[in-house]
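Novice: Can you keep this structure in mind? I'll have questions shortly.
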Amino acid sequence: MRTRILFLMLAACGSAMAATTPAAPPPGISERVKDLASVAGVRSNQLIGYGLIVGLDGTGDQTVQTPFTVQSIKNMLARFGVTIPPNVNPMLTNVAAVTITAELPPFAKPGQAIDVTVASIGNAGSLRGGMLLMAPLRGADGEVYAMAQGSLIVSGFGVSGKDGSRIALNVPSGGRIPSGATVERAVPSNFATEPYVTLNLNTPDFTTATRLAAGINALLGDGTATPMDAVSVRVAAPVDQGQRIAYVATLENVLVEPGTAPARVIVNSRTGTVVIGANVRVMPAAVSHGSLSVTITERTDVSQPNALAEGTTVAIGRSELSVDAPPARMFKFDAGVSLDDLVQAVNRVGAAPGDLVAILEALKQAGALRAELIVI
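My numbering numbers the first residue of the sequence shown as 21 and each following residue consecutively.
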């Protein structure tokens, strides 16, 4: 009965309630549900298509290497009643075959415009100045959901010389068409048919899911929200579509303190970047890290006999080796060392990012690093 009264109140207050009645923020850093989770079933869909770009200034596909471009041109002209003899191969340099991709937003209705991205699939040098001919965009089910057409915007350019030299800025073989596609079909959604709304966390976490359900129940009454797992929280919702919109708007503005991230150390082996989480702890350990530098110098000496002696001039190779082993400094970690102490201790010995990775790996093998070490 209490839930039904809340539904009627939401219908009367409308969107104003969503802006004026968020849950009281708990201690700590709180975030809106809108920033932590998404509504199940409210999602975008990817579209893809194939088309032709025309009007290029001699930078289109080389038809010898891309026969599909010529085939596409012949098929398009045949629809307009233009027949090209089979033995004629048009040498076109102002046409390019491209792929077209777009993202269909949730609840998109027929007649709305969406942006499209165009990329060359042949050997076109540049798509600058081209125009996309009408092309259908299909979804994963093979149905046509939008039609694309329009002038292409390319941020890059390329210039080449007859000797093969070439200068390019950014990527001239791709571009975008703002509002270049018109939605022709809406994607069915079960948003208004289920008796509940499911909120899916962007980052799975049992603590955050529990706090999310508790925050909603504190605002709308006990039993309104139920955590299903580490990702999903099911919330009872009104059946009326208008009431449901205001209801979800209220849910999106509930403030929740997310759970703390697990203790992790992320190492990028390619760039040497090391990211250490706030909850990383180190058990008692002593670390000594030094570097050994070996330098080898190769030079050639010339041995030449004097004028009175018999002999020949020869070249003698000489190698000089030097070893530099600076004294390694040892530092000690006490029990429960925090992130700040760990960084300061490593900086005092002047360890580079690569040295820091070696130290963290050694601490992990010794069992002194209380964190998950992830190498990407």
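The C-beta atom is built at its ideal place from N, Cα and C for all residues, glycine as well.
Being a predicted model, the structure only gives us computed values, none of them experimental.
Verify whether the separation of the beta carbon atoms of G150 and L172 is less than 9 Å.
Specialist: As a working note, residue 150 is residue 130 in the sequence shown. As a working note, residue 172 is residue 152 in the sequence shown. Contact: yes.
Novice: Let me confirm a value: R99 is counted as buried when at least 16 other C-beta atoms fall within 10 Å, else exposed. Which label applies?
Specialist: In the sequence shown, residue 99 corresponds to position 79, counting from 1. Answer is exposed; the Cβ neighbour count stays below 16.
Novice: Quick check on DSSP: helix, strand or coil for N237?
Specialist: Here residue 237 corresponds to residue number 217 of the sequence shown, with the count starting at 1. Helix.
Novice: What's the call for D81, buried or exposed, on a 16-neighbour Cβ count within 10 Å?
Specialist: Taking the sequence shown and counting its residues from 1, the one referred to as residue 81 is at position 61. Looking at its Cβ environment, which holds 16 or more other Cβ atoms inside 10 Å, D81 is buried.
Novice: Flag this pair as yes or no: are the beta carbons of A201 and A168 separated by less than 9 Å?
Specialist: Translated into the one-based positions of the sequence shown, residue 201 becomes position 181. Translated into the one-based positions of the sequence shown, residue 168 becomes position 148. Contact flag set, yes.
Novice: Cα separation between A206 and L232?
Specialist: Position 186 of the sequence shown holds residue 206. Position 212 of the sequence shown holds residue 232. Distance between the alpha carbons of A206 and L232 is about 32 Å.
Novice: Rounded to whole angstroms, what is the Cα-Cα separation between P278 and K384?
Specialist: Locating residue 278 in the sequence shown gives position 258, where the first residue counts as 1. Locating residue 384 in the sequence shown gives position 364, where the first residue counts as 1. Distance between the alpha carbons of P278 and K384: 28 Å.
Novice: Could you tell me the alpha carbon to alpha carbon distance between P156 and R52, rounded to whole angstroms?
Specialist: Residue mapping note: residue 156 aligns to position 136 of the sequence shown, counting from 1. Residue mapping note: residue 52 aligns to position 32 of the sequence shown, counting from 1. If I take the Cα positions, the gap works out to 39 Å.
Novice: Are G71 and A117 closer than 9 Å when you measure CB to CB?
Specialist: Taking the sequence shown and counting its residues from 1, one reaches residue 71 at position 51. Taking the sequence shown and counting its residues from 1, one reaches residue 117 at position 97. It is a contact, given that the beta carbons lie within the stated cut-off.
Novice: Excluding sequence positions up to five away, which residues of its chain have a Cβ less than 7 Å from the Cβ of F211?
Specialist: As a working mapping, residue 211 is identified with position 191 in the sequence shown. Cβ within range, chain order: G61 and V62.
Novice: Would D161 be called buried (16 or more neighbouring beta carbons within 10 Å of its own) or exposed?
Specialist: Translated into positions along the sequence shown, residue 161 becomes position 141. Answer is exposed; the Cβ neighbour count stays below 16.
Novice: Tell me whether R284 sits in a helix, a strand or coil according to DSSP, three-state version.
Specialist: In the sequence shown, residue 284 corresponds to position 264, counting from 1. In the structure shown, R284 sits in a strand (DSSP, three-state: E or B).
Novice: Whole beta strand (DSSP E) runs in the stretch 90–154 with 3 or more residues, listed along the chain?
Specialist: You should have 115–124 and 133–140.
Novice: Is the beta carbon of R254 closer than 9 Å to that of L219?
Specialist: Taking the first residue of the sequence shown as 1, we reach residue 219 at position 199. Taking the first residue of the sequence shown as 1, we reach residue 254 at position 234. Yes.
Novice: Looking at the structure shown, is I396 part of a helix, part of a strand, or coil, going by DSSP?
Specialist: Walking along the sequence shown from the start, residue 396 turns up at place 376. Coil, per DSSP.
Novice: Please state whether DSSP places L67 in a helix, a strand or coil.
Specialist: In the sequence shown, residue 67 corresponds to position 47, counting from 1. It is a strand residue.
Novice: Evaluate the contact criterion for the stretch 82–89 versus the stretch 105–120: three or more CB pairs, one atom per stretch, below 8 Å.
Specialist: These segments touch.
Novice: Tell me whether A201 sits in a helix, a strand or coil according to DSSP, three-state version.
Specialist: By 1-based counting over the sequence shown, the position of residue 201 is 181. Looking at A201 - three-state DSSP - the assignment turns out to be strand.
Novice: Put G34 into one of helix, strand or coil per three-state DSSP.
Specialist: Sequence index remark: in the sequence shown, residue 34 carries index 14 (1-based). Note that G34 has pLDDT 39, beneath the 50 cutoff, so the model's placement of it is unreliable and the number below is only indicative. The answer is coil: DSSP assigns G34 none of H, G, I, E or B.
Novice: Quick check: what's the CA-CA separation for Q261 versus R290?
Specialist: Looking up residue 261 in the sequence shown gives position 241. Looking up residue 290 in the sequence shown gives position 270. Their Cα atoms are separated by approximately 51 Å.
Novice: Give me, in chain order, the residues of the same chain whose beta-carbon lies closer than 7 Å to that of V268; leave out the 5 immediate sequence neighbours on both sides.
Specialist: The residue labelled residue 268 in the question sits at position 248 within the sequence shown. So the list reads V59 and V217, once near-sequence residues are dropped.
Novice: Residues bridged to V255 by DSSP?
Specialist: As a working note, residue 255 is residue 235 in the sequence shown. V217 and A245.
Novice: In whole angstroms, what separates the C-alpha of R284 from that of T223?
Specialist: Here the question's residue 284 lines up with position 264 in the sequence shown. Here the question's residue 223 lines up with position 203 in the sequence shown. So the two alpha carbons sit approximately 15 Å from each other.
Novice: Judging by CA-CA distance, which residue of A298, V294, N299 and R264 is the nearest neighbour of I396?
Specialist: Numbered from 1 along the sequence shown, position 376 holds the residue referred to as residue 396. Checked all of A298, V294, N299 and R264; the closest Cα to I396 is V294.
Novice: Assign R231 to one of three DSSP states: helix, strand, or coil.
Specialist: Counted from its first residue, the sequence shown places residue 231 at position 211. Helix, per DSSP.
Novice: Give the secondary structure of G170 by DSSP, where H, G and I count as helix, E and B as strand, and everything else as coil.
Specialist: By 1-based counting over the sequence shown, the position of residue 170 is 150. Here G170 sits in strand by DSSP.
Novice: Do A133 and S193 have their beta-carbon atoms positioned less than 9 Å apart in this structure?
Specialist: Numbered from its first residue, the sequence shown carries residue 193 at position 173. Numbered from its first residue, the sequence shown carries residue 133 at position 113. No, Cβ-Cβ distance for S193 and A133 is not below 9 Å.
Novice: Considering Cα atoms alone, identify which of T230, K54, T213 and N273 is closest to A257.
Specialist: Taking the sequence shown and counting its residues from 1, one reaches residue 257 at position 237. Among T230, K54, T213 and N273, the Cα nearest to that of A257 is on T213.
Novice: Around the Cβ of V259, are there at least 16 other Cβ atoms within 10 angstroms (buried) or fewer (exposed)?
Specialist: The count along the sequence shown starts at 1 and reaches residue 259 at position 239. It counts as exposed.
Novice: Rounded to a whole number of angstroms, what is the C-alpha to C-alpha distance between A229 and V251?
Specialist: Indexing the sequence shown from 1 puts residue 229 at position 209. Indexing the sequence shown from 1 puts residue 251 at position 231. For A229 and V251, the distance between alpha carbons rounds to 7 Å.
Novice: Going by the CB atoms, is the gap between L67 and L147 shorter than 9 Å?
Specialist: The sequence position of residue 147 within the sequence shown is 127, counting from 1. The sequence position of residue 67 within the sequence shown is 47, counting from 1. Their beta carbons are not under 9 Å apart, which means L147 does not touch L67 by this criterion.
Novice: Whole angstroms are fine: how far does the CA of N114 sit from the CA of T79?
Specialist: Translated into positions along the sequence shown, residue 79 becomes position 59. Translated into positions along the sequence shown, residue 114 becomes position 94. Looking at the two C-alpha atoms, the distance is approximately 6 Å.
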